[in-house]
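Q: Residue numbering for the sequence shown follows my numbering, beginning at 4 and increasing consecutively.
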Amino acid sequence: MSSAERRHFSRIAFAGPAQLVTVEQRLPVQVLDLSLKGALLLLPESSEVEPGALCLLDLPLAPHEGRITMAAQLAHVSGDRAGLLCLGIDLESITHLRRVIELNLGDAALAERDLKALVAP
Numbered sequence: 004m005s006s007a008e009r010r011h012f013s014r015i016a017f018a019g020p021a022q023l024v025t026v027e028q029r030l031p032v033q034v035l036d037l038s039l040k041g042a043l044l045l046l047p048e049s050s051e052v053e054p055g056a057l058c059l060l061d062l063p064l065a066p067h068e069g070r071i072t073m074a075a076q077l078a079h080v081s082g083d084r085a086g087l088l089c090l091g092i093d094l095e096s097i098t099h100l101r102r103v104i105e106l107n108l109g110d111a112a113l114a115e116r117d118l119k120a121l122v123a124p
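1) Measuring straight from C-alpha to C-alpha, what distance separates E53 and R29?
2) Output needed for L90: all residues of its chain with C-beta closer than 7 Å, excluding positions within five of it in sequence on either side, in chain order.
3) How many whole angstroms separate the CB atoms of L88 and G19, which I take to be in contact at a CB cut-off of 8 Å?
4) Quick check on A65: buried or exposed, where buried means 16 or more other Cβ atoms within 10 Å of its Cβ?
5) Identify, in the order they occur along the chain, each residue of the same chain with its Cβ nearer than 8 Å to the Cβ of D36, setting aside the five sequence neighbours on each side.
6) Helix, strand or coil: how does DSSP classify N107 here?
7) Tell me which same chain residues have a C-beta within less than 7 Å of the C-beta of A21, skipping the five on either side of it?
8) Just tell me which of E48, P47, E95, V26 has its CA closest to the CA of T72.
9) Can you tell me whether T98 is helix, strand or coil according to DSSP?
This is the structure we're talking about:
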């Protein structure tokens, strides 16, 4: 089974600057894609982050559009790429994230399916 087949949440391509905050450092990163369960990041050169580390992703949206802030864990790090697993997100951030996903997918039903899967027991 491919990783795309295992993936339960729609991922959208996203190009935007963000901050990755760990206990040791604050790194400027580029968000490459987003989902309700995480993100793929492009790390700056010479970054020293380890899989398993807890972190916070702070993603400002367009001016006056708010920001997405998620508590996460570094799921994998490979070269200059890092995958985040979302561990927690506040209501305002998930509302913004859902809207970004909905706009990029062009299908509110897919975004709704993802949200239901996220909160299912």
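We treat Cβ as the ideally placed atom computed from N, Cα and C, and that holds for glycine. It should be emphasised that the depicted structure is a prediction, and the values quoted were computed from it without experimental measurement.
A: A quick look at the data gives this:
1) 14 Å
2) A74, A75, Q76
3) Actually they are not in contact, since the Cβ atoms of L88 and G19 sit about 19 Å apart, beyond 8 Å.
4) exposed
5) R14, I15, A16, F17, A42, L43
6) helix
7) V32, V34, L60, D61, L62
8) E95
9) helix
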